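Numbering follows the working numbering, in which position 246 of the first sequence is assigned residue number 249; successive positions increment by one, without gaps.
Using N, Cα and C, we set each Cβ at its ideal position, and we do this for glycine too.
Everything numeric in this text was worked out from a predicted model, so none of it was measured.
Comments concern the structure below.
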Amino acid sequence: MGAPLDQAKRRVQRAIKRRLIPWFLTHQRDLPWRRNRTPYRVWIAESMLTQTRVDQVIPYYRRFLRAFPSIRRLAGASSDALMKQWEGLGYYSRARNLRAAAQIIVAEHGGRFPRNYEAIRALPGVGPYMAAAIASLAFGQNYAVLDGNVIRVLTRLFAYDGDTSKGATRRVLQSVADDVLIPGQAGEGNEALMELGATVCLPRNPLCAHCPMASVCAGYQAGEPTAYPRRSPKKKVPHKEVGAGVIVNRKGQVLIAQRRAEAMLGGLWEFPGGTCEAGEAMPDCVARELREELGIGVEIGDRLMVVRHAYSHFTIALHVYWCRIRKGRPRPIECADYRWCTIADLRQYPFSRADLHVVDKLMMARHVQLQ
DNA sequence: AATGCGGGGGT
DNA sequence: ACCCCAGCATT
4 MGAPLDQAKR
14 RVQRAIKRRL
24 IPWFLTHQRD
34 LPWRRNRTPY
44 RVWIAESMLT
54 QTRVDQVIPY
64 YRRFLRAFPS
74 IRRLAGASSD
84 ALMKQWEGLG
94 YYSRARNLRA
104 AAQIIVAEHG
114 GRFPRNYEAI
124 RALPGVGPYM
134 AAAIASLAFG
144 QNYAVLDGNV
154 IRVLTRLFAY
164 DGDTSKGATR
174 RVLQSVADDV
184 LIPGQAGEGN
194 EALMELGATV
204 CLPRNPLCAH
214 CPMASVCAGY
224 QAGEPTAYPR
234 RSPKKKVPHK
244 EVGAGVIVNR
254 KGQVLIAQRR
264 AEAMLGGLWE
274 FPGGTCEAGE
284 AMPDCVAREL
294 REELGIGVEI
304 GDRLMVVRHA
314 YSHFTIALHV
324 YWCRIRKGRP
334 RPIECADYRW
344 CTIADLRQYP
354 FSRADLHVVD
364 KLMMARHVQL
374 Q
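In structure tokens, the structure reads:
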């Protein structure tokens, strides 16, 4: 590093320290978790905000705190009550981790949220970002956060073109974030960086005209702030054809199965089924899956619907068929549990987004005639 | 270091 | 049709 470069860098650092917190204090959004900032509230918010946008989180956050107003209440939550609160939010391991961590806090920390960074970091579901966020925002400790927003802001301000998917680059950026932290104001500084990234230094069309840092921003001065951060190209996601069965018994109850806790969408309920194998006809797939999963022989009827849904790492077409049991009684062979449930009661159980489309369809259909 | 993990909104 | 988001756990 030459001296001129260091000088330019220090100029940006000084500008960040001088301008960012004042800008934040006058421009910050009024968000629920910024009021009454207890460790518990900060923790729940940070967990929900992991890879999830603010607008989507807000209603979930309010409901969740109403349902589980304290660490102890969360620790004692049932799986269904917990997952119902998270239904539709995605990354369901976050909810399971929250409850597991709450139980640890009750058992090992007397029900008080731990203050020590290492103790926070040791809780399930808490990584370096969340530990730094809780330590700084809730306890006023001097830890700098590094999340997607901070990475974008800092790489642009310094025109730093390291590949942000690399660990070495992340370490460099963490040290940059550490360097602009003002002792005693870590919480405000962290939020200021994130708020700038979330409201001004946007991924596609940054609002540089409104940015308090534009005059020192190396990316902006160079004329292309959106060149940063530099990321490696993504690969395209595979597609799966999935079949599922809706079985209604004589009492008008529907058979639902609960996914195993360790599986994707773990703990959620679903209409039983699975992935179609190569060359397999969809009705055969559904019959096979119900035999393997629940030990029942079924007759496949008409197709009810097809739901198309995109996950981050693959897409599915969910083919849903009406079925009748011809042989055997359900047993939880490849699932955590099963239940016969009236259509009106389906809403009580947590489902994934794809299966919620099926629930909706059944709610409509029940007013007409089933099958 | 690389990969798996949901869902939604913006462009 | 992408892109990415207040990341973490596992391998």
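Between which two residues does the beta strand (DSSP E) carrying residue i extend?
{"i": "I250", "result": "242-250"}
{"i": "Q261", "result": "256-261"}
{"i": "Y341", "result": "340-345"}
{"i": "A320", "result": "318-330"}
{"i": "G222", "result": "Not the beta strand (DSSP E): G222 falls in the alpha helix (DSSP H), residues 221-224."}
{"i": "G130", "result": "Where G130 is concerned, there is no enclosing beta strand (DSSP E), given that its DSSP letter is neither H nor E."}
{"i": "T278", "result": "276-278"}
Rounded C-beta distance between residue i and residue j? I'm assuming under 8 Å.
{"i": "V148", "j": "Y163", "result": "Actually they do not touch by this definition, with Cβ atoms about 17 Å apart."}
{"i": "Q88", "j": "R115", "result": "Their Cβ separation, rounded to whole angstroms, is 23 Å, which puts Q88 and R115 out of contact at 8 Å."}
{"i": "F27", "j": "E194", "result": "6 Å"}
{"i": "R306", "j": "H322", "result": "6 Å"}
{"i": "G276", "j": "V245", "result": "6 Å"}
Between the Cα of residue i and the Cα atoms of the options, which residue gives the shortest distance?
{"i": "C279", "options": "E273, L140, C288", "result": "C288"}
{"i": "Q10", "options": "A221, A290, D340", "result": "A221"}
{"i": "R327", "options": "E191, L101, G269, G255", "result": "G255"}
{"i": "L297", "options": "L77, T55, A339", "result": "A339"}
{"i": "G190", "options": "R263, Y324, R40, V109", "result": "R40"}
{"i": "A135", "options": "N208, G192, I108", "result": "G192"}
{"i": "G128", "options": "Y146, N145, I107", "result": "I107"}
{"i": "I74", "options": "I47, E244, N252", "result": "I47"}
{"i": "A180", "options": "I19, E337, R291", "result": "I19"}
{"i": "L210", "options": "Y324, V251, V156, F161", "result": "V156"}
{"i": "W343", "options": "V301, V251, L271", "result": "V251"}
{"i": "R294", "options": "Q351, G93, P335, M367", "result": "P335"}
{"i": "T318", "options": "R76, I346, A357", "result": "A357"}
{"i": "S235", "options": "T172, L268, T55, L271", "result": "T172"}
{"i": "P333", "options": "P186, V15, E292", "result": "E292"}
{"i": "E185", "options": "K330, K12, Q16", "result": "Sequence inspection shows Ile at residue 185; the Glu mentioned does not correspond to that position. For the residues K330, K12, Q16, the minimum Cα distance to I185 belongs to Q16."}
{"i": "A110", "options": "V203, T53, L126, L271", "result": "L126"}
{"i": "M393", "options": "R350, I24, S96", "result": "The requested residue 393 is not part of the displayed model; the chain covers only 4 to 374."}
Which stretch, first to last residue, makes up the alpha helix (DSSP H) that contains residue i?
{"i": "L307", "result": "Careful: L307 lies outside any alpha helix (DSSP H), inside the beta strand (DSSP E) at 300-313."}
{"i": "T202", "result": "189-202"}
{"i": "V289", "result": "285-297"}
{"i": "K364", "result": "356-368"}
Those runs of the beta strand (DSSP E) which lie wholly inside the region 138-171 and span at least 3 residues
none
Would you call the region 312-319 in contact with the region 216-230, where contact means no fewer than 3 C-beta pairs closer than 8 Å?
no
Given 8 Å, three or more beta-carbon pairs between the region 58-72 and the region 33-47
yes
Any chance you could list the alpha helix (DSSP H) runs of at least 4 consecutive residues sitting entirely within the region 47-121, in chain order?
57-70, 74-78, 82-89, 96-111
Any contact between the region 107-121 and the region 140-160? By contact I mean 3 or more CB pairs, one from each, below 8 Å.
yes
Given 8 Å as the limit, is there contact between the region 72-82 and the region 166-184, that is, 3 or more CB pairs closer than that?
no
Three or more beta-carbon pairs under 8 Å between the region 237-252 and the region 156-170, yes or no?
no
Segment contact, 8 Å Cβ cut-off, at least three pairs: the region 193-209 with the region 152-161
yes
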